[in-house]
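Below you'll find the structure, written out as structure tokens, and then a few comments.
Residue numbers (this note's numbering), protein chains in the order written: chain H, 11 to 190; chain W, -7 to 434.
Set out below in structure tokens:
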């Protein structure tokens, strides 16, 4: 049973999407598909769904590591920038240190936030594989409205079985035409 | 969240928001034209100042910070409640923020853009703006990062970048909704803008996590930014400025003014776009209750400043605050106290805070009061410092009023353009609200 999100869509297969209006029915269909002969490729939903995430046994997102890395780089970059510029004109004024910890910490703090957000965005884009217009292949626009969409594939000749599977689970059906 | 909101279906939410994107009528374009004319007038005043010199403004010695800095602080303050509503209330899981979060975030982004213009305007010689960048000048001198003004450059740039990215990231699922229902050129534009978002489980999994981190990072940032702005003043040894209360005082004031601006914007938008079922009276009432809180905090801060002056036994500080209440600019002080503290207390009455007309009028008063607060602090501080022979007066000139008018027009111009061409309410977050209420579907 391949439930890998990065699974490449094979052109020789037939793609059918089951569209549910009920989140529980969609989650039940995801679980039932694990023991079926069909391959579930994608699950679309109009809003974040814990139930569907649980049904697909998804692990925690890795975005946070990008954010953390960005933040650490940012703090040291900000502090280093302030310290470096201060040492370019190392004239002691009023007995105060050239590399002053408290004011440079403020610069470091702002850079921490800035670079952490850059890391967050990079993490989001790389993990979600966006931007990519290829995502719009085999996609039903109703999924952004109020439908939960399950895109599944089957071997040629098994289309009726897959349609019946979705219908029994309470879904509407969208059959995608074969491409090129 | 009210029953009225949770009774909405996903389809009704989408349709209500998508209806706001229908081609506008002549009235809309007339408003756009008038606002654009105001922007041109402001830009012409600025151009005139660039050509003639910054002496066109009323700033003088000792009052060398005038309306440009007042407006800078005012707009940074306005920007703050956007992040309060979108980030801090998101972390606290306050569901009532969902209908107004997008509008408040948008206000934040545009307000920071306007605020960011003012240091350029204040410079006079705008072509030497590179002195503020971390680059060495021709004598290999770098900017001094021990200066609060440099903290400000870093903080405001960071805030603009972070709030813009936060705003756009939050909009991605809604841009996809519009793409999926659009045709022709609009579909092509929104296809590009939505980055190919399809609401896949993978998308949501990383998006929800990333959004949470955005909120967690924006929260300390928003507090730091206005603290840094306050240090522009508090780190100067000017009576009336040099006080430790400034950072929390400025942050509370910023949120106070921003919440008032949210109400000023939301009430007309609610009426024009028929958002009554989404932006309910309960939502506006919650904003009003928060204004009561922030009003009391700024009132406490005003009182504390006087207490500190009395308790310090410092005659200069005491004279400063005596003069603030009864001197030449006392009118500004009493407008500030009246509009920011006394008038918002009317919101203690439920009938007042649920009456949209009253709410709108009070929000305007708070906006005026918060502008005067910055006038009192900035101009009042340097007008009456240590040495009586150095005391001075300041009157803004027509150029300054023209630029200020242009800046307000630019803010509303950008906002009105946005509201009619992009989703002004987050459909996704509204669906989450409705979903949590147990309703969904067509």
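For each residue, glycine too, the CB sits at the ideal point set by N, CA and C. Quick caveat, the model's predicted, so the values are computed rather than measured.
Can you pull the chain H neighbours of residue i, defined as C-beta to C-beta under 9 Å?
i: residue 189(W); result: 138, 140, 141, 145, 154
i: residue 79(W); result: Correct list: empty, because the minimum Cβ distance to chain H is about 12 Å.
What residues of chain W sit near residue i, judged by a beta carbon separation below 7 Å?
i: residue 91(H); result: 126
i: residue 185(H); result: Here the premise fails: no neighbours, minimum Cβ distance about 18 Å.
i: residue 95(H); result: 126, 134, 135, 137
i: residue 110(H); result: 138
In chain H, which residues lie less than 8 Å from residue i when you measure between Cβ atoms?
i: residue 206(W); result: 127, 130
Name the residue from the options whose alpha carbon lies nearest to the alpha carbon of residue i.
i: residue 4(H); options: 140(H), 69(H), 153(H); result: Because chain H spans 11 through 190 in this model, residue 4(H) falls outside it and cannot be assessed.
i: residue 142(W); options: 147(H), 114(H), 57(H); result: 114(H)
i: residue 389(W); options: 345(W), 52(W), 122(W); result: 52(W)
i: residue 222(W); options: 209(W), 385(W), 61(W), 285(W); result: 61(W)
i: residue 437(W); options: 339(W), 244(W), 34(W), 323(W); result: Here chain W has residues from -7 to 434 only, and residue 437(W) is not among them.
i: residue 414(W); options: 4(W), 14(W), 2(W), 295(W); result: 14(W)
i: residue 258(W); options: 422(W), 87(W), 407(W); result: 407(W)
i: residue 68(W); options: 123(W), 249(W), 192(W); result: 249(W)
i: residue 378(W); options: 326(W), 107(W), 1(W), 307(W); result: 307(W)
i: residue 41(W); options: 410(W), 395(W), 420(W); result: 395(W)
i: residue 71(H); options: 5(W), 324(W), 193(W); result: 193(W)
i: residue 106(W); options: 85(W), 135(W), 149(W), 138(W); result: 149(W)
i: residue 384(W); options: 24(W), 26(W), 324(W), 56(W); result: 56(W)
Can you pull the chain W residues whose beta carbon is under 9 Å from the beta carbon of residue i, in chain order?
i: residue 68(H); result: 193, 194, 197
i: residue 55(H); result: 191, 192, 193, 196
i: residue 99(H); result: 132, 133, 134, 136
i: residue 114(H); result: 137, 138
In the DSSP output, what is residue i paired with across the bridge?
i: residue 282(W); result: Paired residues: none, contrary to the question.
i: residue 27(H); result: 161(H), 184(H)
i: residue 49(H); result: 163(H)
i: residue 192(W); result: 54(H)
Taking C-beta pairs closer than 7 Å, name the residues in chain H that residue i reaches, listed in chain order.
i: residue 274(W); result: Near residue 274(W) there are no residues of chain H at all, since even the closest Cβ is about 22 Å away, more than 7 Å.
i: residue 297(W); result: Near residue 297(W) there are no residues of chain H at all, since even the closest Cβ is about 24 Å away, more than 7 Å.
i: residue 3(W); result: 155, 156
i: residue 423(W); result: 56, 57
i: residue 213(W); result: 123
Is residue i buried or exposed, if buried means 16 or more other CB atoms sit within 10 Å of its CB?
i: residue 12(H); result: Unreliable positioning characterises residue 12(H) in this predicted model, as indicated by a pLDDT of 38, which lies under 50. The coordinate reading is nonetheless provided below. Exposed: under 16 other Cβ atoms inside 10 Å.
i: residue 320(W); result: exposed
i: residue 101(H); result: exposed
i: residue 16(H); result: For residue 16(H), the predicted structure reports a pLDDT of 42, less than 50, and the residue's modelled location is therefore unreliable. The matter cannot be settled from this model.
i: residue 49(W); result: buried
i: residue 190(H); result: Any reading at residue 190(H) needs caution, since the residue's pLDDT is 45, under 50, leaving its predicted position unreliable; the model's value is listed next. So residue 190(H) ends up on the exposed side.
i: residue 287(W); result: buried
i: residue 11(W); result: exposed
i: residue 381(W); result: exposed
i: residue 140(H); result: buried
i: residue 32(W); result: exposed
i: residue 91(W); result: buried
i: residue 147(H); result: exposed
i: residue 125(W); result: exposed
i: residue 490(W); result: Since the displayed chain W opens at -7 and closes at 434, residue 490(W) lies outside it and no answer follows.
i: residue 412(W); result: buried
i: residue 94(H); result: exposed
i: residue 367(W); result: buried
i: residue 207(W); result: buried
i: residue 387(W); result: exposed
i: residue 34(H); result: exposed
i: residue 170(H); result: exposed
i: residue 22(W); result: exposed
Please list, in chain order, the chain W residues whose beta carbon lies closer than 8 Å to that of residue i.
i: residue 83(H); result: Per Cβ cutoff of 8 Å: no residues; residue 83(H) is ~14 Å from chain W at best.
i: residue 117(H); result: 137, 142, 143, 146
i: residue 63(H); result: 193, 196, 197
i: residue 24(H); result: Ordered by position in chain W, no residue passes the 8 Å Cβ test against residue 24(H), which lies about 20 Å from the chain.
i: residue 134(H); result: 161, 198, 199, 202
i: residue 166(H); result: Those within 8 Å of residue 166(H) in chain W number zero; the least Cβ separation is about 25 Å.
i: residue 73(H); result: 198, 201, 202, 205
* How do the region 170 to 179 of chain W and the region 128 to 137 of chain W stand: do at least 3 beta-carbon pairs fall below 8 Å, yes or no? -> Flag = no, the region 170 to 179 of chain W and the region 128 to 137 of chain W do not touch.
* Would you call the region 271 to 286 of chain W and the region 341 to 355 of chain W touching, i.e. three or more CB-CB distances under 8 Å? -> In this structure the region 271 to 286 of chain W lies against the region 341 to 355 of chain W, because at least three pairs of beta carbons, one per stretch, are closer than 8 Å.
* Asked: Is there contact between the region 221 to 239 of chain W and the region 259 to 276 of chain W, where contact requires at least three CB pairs shorter than 8 Å?
  -> These segments do not touch.
* Check whether the region 362 to 378 of chain W touches the region 302 to 321 of chain W, taking contact to mean three or more Cβ pairs, one atom from each stretch, closer than 8 Å. => Contact between the region 362 to 378 of chain W and the region 302 to 321 of chain W is present: 3 or more CB-CB pairs across the two stretches fall below 8 Å.
* Quick one: any contact between the region 104 to 123 of chain W and the region 188 to 205 of chain W, if contact means 3 or more CB pairs under 8 Å? -> Taking 8 Å as the limit for Cβ pairs, the verdict is that the region 188 to 205 of chain W does not touch the region 104 to 123 of chain W.
* Asked: Does the region 108 to 127 of chain H come within contact of the region 201 to 214 of chain W, defined as at least 3 CB pairs closer than 8 Å?
  -> The region 108 to 127 of chain H is in contact with the region 201 to 214 of chain W.
* Is the number of C-beta pairs between the region 64 to 72 of chain W and the region 235 to 252 of chain W that are closer than 8 Å three or more? -> By the Cβ test, the region 64 to 72 of chain W is in contact with the region 235 to 252 of chain W, since at least three Cβ pairs between them sit closer than 8 Å.
* Would the region 23 to 38 of chain H and the region 180 to 188 of chain H be scored as touching if the rule is three or more Cβ pairs under 8 Å? -> The region 23 to 38 of chain H, when compared against the region 180 to 188 of chain H, does touch it at the 8 Å Cβ threshold.
* Asked: Are three or more beta carbon pairs between the region 126 to 144 of chain H and the region 155 to 169 of chain W nearer than 8 Å?
  -> The region 126 to 144 of chain H vs the region 155 to 169 of chain W: in contact.
* Counting Cβ pairs, one atom from each stretch, are 3 or more of them under 8 Å apart for the region 149 to 161 of chain W and the region 97 to 107 of chain W? -> With a cut-off of 8 Å on Cβ pairs, the region 149 to 161 of chain W is in contact with the region 97 to 107 of chain W, counting three or more such pairs.
* Does the region 170 to 181 of chain H come close enough to the region 40 to 58 of chain H to have 3 or more Cβ pairs within less than 8 Å? -> Flag = yes, the region 170 to 181 of chain H and the region 40 to 58 of chain H touch.
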